[in-house]
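Chemist: Pasting a structure here, questions to come.
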Amino acid sequence: MPSDEHAAVLLLPELEGGRTVRPAEMRWLCRGTVRRRGDESLDDLDRALGLLGLAAPAEGRAALRYWGQTGARPDGWLALAEPVALEVRLNDLFVHGPASTRLGEEELSYLFAYLSENLAGRGGVSFEIEQDSLYIFAADPMATHQVTADRVGRLSLRSMSGERAAQDSVLTEIEMLLHAASINASREHDGQPAINSLWLSGGGCAPAVVQRNLPLLVADDALFRGFWLSAAAPVQPWPADAADFRPGAGFIAVAPPAAALGPLLAQLRRMQASGDLHSIDLLFRDGVHVEVRPAHRFRFWRKRAYLCGVSKSRH
3 MPSDEHAAVL LLPELEGGRT VRPAEMRWLC RGTVRRRGDE SLDDLDRALG LLGLAAPAEG
63 RAALRYWGQT GARPDGWLAL AEPVALEVRL NDLFVHGPAS TRLGEEELSY LFAYLSENLA
123 GRGGVSFEIE QDSLYIFAAD PMATHQVTAD RVGRLSLRSM SGERAAQDSV LTEIEMLLHA
183 ASINASREHD GQPAINSLWL SGGGCAPAVV QRNLPLLVAD DALFRGFWLS AAAPVQPWPA
243 DAADFRPGAG FIAVAPPAAA LGPLLAQLRR MQASGDLHSI DLLFRDGVHV EVRPAHRFRF
303 WRKRAYLCGV SKSRH
């Protein structure tokens, strides 16, 4: 991200070839510098902090997420515990995460109560539920994955063996309990996959608060909010209407996945035209990165096909 105080970085819903974007905003985007992200392993926080010249924390992401959801710094070690359906096919393990299992609020509440009751006081393990997230707290650190379940898909069983060995004492008991959970009979009757494990990720403790000179964050995203709170940096919620998106100069924003892309891009184009913003970096969730600078308005030869071609390319 440029050092210009009138710079902004936004993480936006998928561009999808600009199908929901008006021609004026498409021309504005096409005249920018368009590329695809290089490292598919980077998540949104990695990409945004990279533009600030900062590294995202390698451990404790679940603690930051919890912090962002509750507004309170958690004590002790914790990890995100996503209910998943694990499926073995030959030498591969398929991880069906929240996007596939579509666990409802009542089902998640049931699992929280069920596991809490049956594991109470065992090995310092406890559970908490915050919004749509289940967390596991433990007296002793456990091996956890670096990424959440929906970013995994398929894994080699051989690559999983070492991680499972470190987790087995806790996970084996959890999986035995889940096998007997009454919720799975109704799920299978409805044609949904049975929940047979928890995918533990982002394990660690919350960092101490260390003040950093970060730009304003406009977001409801829990992980981003937690990182900003750990830096004692300013945070605002995402507005209900794109017309109310006027954070001023110098900010990072994370749009909800369901945010209307067209009105938001129109608002950003107006903010740049008025001089409120100079440098804008747009990080779309389908991997497209568009840099829009004031001088780019002279690139009148750029057409819609240019942007669409880059957005479809995987190279």
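Following our numbering from start to finish, the sequence shown increments by one per residue and tops out at 317. Positions of the beta carbon are idealized from the N, C-alpha and C atoms, including for glycine.
(1) Using DSSP with H/G/I as helix, E/B as strand and the rest coil, what is Pro-296?
(2) Grab me the residues of Met-3's own chain with a C-beta within less than 7 Å of its C-beta, minus the 5 sequence neighbours each way, in chain order.
(3) Among the residues of its own chain, which have a CB less than 6 Å from the CB of Ala-151, if the five just before and after it don't count?
(4) If you run the structure through DSSP and keep just helix, strand and coil, what is Leu-285?
(5) Hey, how far is the Cα of Pro-15 from the Cα of Gly-123?
(6) Mapping DSSP to helix, strand and coil, what is Trp-240?
(7) My understanding is that Gly-70 touches Ala-244, with C-beta atoms under 8 Å, so please give their C-beta distance in whole angstroms.
(8) In the structure shown, what three-state DSSP assignment does Leu-202 receive?
(9) Can you look up Leu-263 in the DSSP assignment and give me helix, strand or coil?
(10) Looking at the secondary structure, which residues open and close the alpha helix (DSSP H) in which Asp-48 lies?
(11) Of all the options Met-28, Leu-66, Ala-242, which has the alpha carbon lying nearest to the alpha carbon of Ala-233?
(12) Can you say whether Ser-171 is buried or exposed, counting buried as having 16 or more other CB atoms within 10 angstroms of its CB?
(13) Any Cβ of chain D within less than 9 Å of the Cβ of Ala-242?
(14) Considering just the uninterrupted stretch of the beta strand (DSSP E) at His-98, what are its terminal residues?
(15) Would you please state the rounded distance, in angstroms, between the beta carbons of Leu-266 and Phe-247? I believe it to be under 8 Å.
(16) What does DSSP give as the partner residues of Ala-87 in its beta bridges?
(17) In whole angstroms, give me the CA-to-CA distance for Asp-46 and Val-220.
(18) Starting from Ala-9, trace the beta strand (DSSP E) both ways and give me its first and last residue.
(19) Assign Arg-227 to buried or exposed, taking buried as 16 or more other Cβ atoms, counted over all protein chains shown, within 10 Å of its Cβ.
(20) Between Asp-288 and Leu-17, how many whole angstroms is the CB-CB distance? I'm expecting something under 8 Å.
(21) Hey, would you say Leu-113 sits closer than 9 Å to Ala-183, going by beta carbons?
Modeler: For this structure:
(1) By 1-based counting over the sequence shown, the position of residue 296 is 294. Three-state result, Pro-296: helix.
(2) Position 1 of the sequence shown, counting from 1, holds the residue named residue 3. Below a pLDDT of 50, predicted positions are generally treated as unreliable, and Met-3, at 49, falls in that range; no measurement from the model is reported.
(3) Working through the sequence shown from its first residue, we reach residue 151 at position 149. Cβ within range, chain order: Glu-84, Val-86, Val-97, Gly-99, Trp-201.
(4) If you number the sequence shown from 1, residue 285 lands on position 283. The answer is strand: DSSP assigns Leu-285 an E or B state.
(5) The count along the sequence shown starts at 1 and reaches residue 15 at position 13. The count along the sequence shown starts at 1 and reaches residue 123 at position 121. Answer to the nearest angstrom: the Cα atoms are 42 Å apart.
(6) Here residue 240 refers to the residue found at position 238 of the sequence shown. Of the three classes helix, strand and coil, the one that applies to Trp-240 here is coil, per DSSP.
(7) The sequence position of residue 70 within the sequence shown is 68, counting from 1. The sequence position of residue 244 within the sequence shown is 242, counting from 1. Taking 8 Å as the upper bound for CB-CB distance, Gly-70 and Ala-244 are not in contact here, some 23 Å apart.
(8) For the purposes of this step, residue 202 is taken as residue 200 along the sequence shown, with counting starting at 1. Reduced to three states, the DSSP call for Leu-202 is strand.
(9) Residue numbering aside, residue 263 sits at position 261 when the sequence shown is read from its first letter. It is helical.
(10) In the sequence shown, residue 48 corresponds to position 46, counting from 1. That run of the alpha helix (DSSP H) goes 46-53.
(11) Counting from one through the sequence shown, the residue named residue 233 turns up at place 231. Of the listed residues, the one whose Cα sits closest to Ala-233 is Leu-66.
(12) For the purposes of this step, residue 171 is identified with residue 169 of the sequence shown, where counting begins at 1. Exposed, by the Cβ-count rule.
(13) The chain labelled as chain D is not found in the depicted structure, where only one protein chain is given.
(14) Start at 1 with the first residue of the sequence shown, and residue 98 comes out as number 96. According to the DSSP assignment, His-98 belongs to the beta strand (DSSP E) that extends over 94-98.
(15) Translated into the one-based positions of the sequence shown, residue 266 becomes position 264. Translated into the one-based positions of the sequence shown, residue 247 becomes position 245. Yes, Leu-266 and Phe-247 are in contact; Cβ-Cβ is about 6 Å, under 8 Å.
(16) Counting from one through the sequence shown, the residue named residue 87 turns up at place 85. His-98, per the DSSP bridge assignment.
(17) The residue given as residue 46 occupies position 44 in the sequence shown. The residue given as residue 220 occupies position 218 in the sequence shown. Spanning the two alpha carbons is a distance of roughly 14 Å.
(18) Position 7 of the sequence shown, counted from the first residue, corresponds to residue 9. No residue range can be given for Ala-9, since it is assigned to no beta strand (DSSP E) and is classified by DSSP as neither H nor E.
(19) Stepping through the sequence shown from its first residue, residue 227 is reached at position 225. By the 10 Å Cβ count, Arg-227 comes out buried.
(20) Translated into the one-based positions of the sequence shown, residue 288 becomes position 286. Translated into the one-based positions of the sequence shown, residue 17 becomes position 15. Right, the Cβ-Cβ distance comes to about 6 Å (below 8 Å), so this counts as a contact.
(21) In the sequence shown, the residue the question calls residue 113 occupies position 111. In the sequence shown, the residue the question calls residue 183 occupies position 181. Cβ atoms of Leu-113 and Ala-183: closer than 9 Å.
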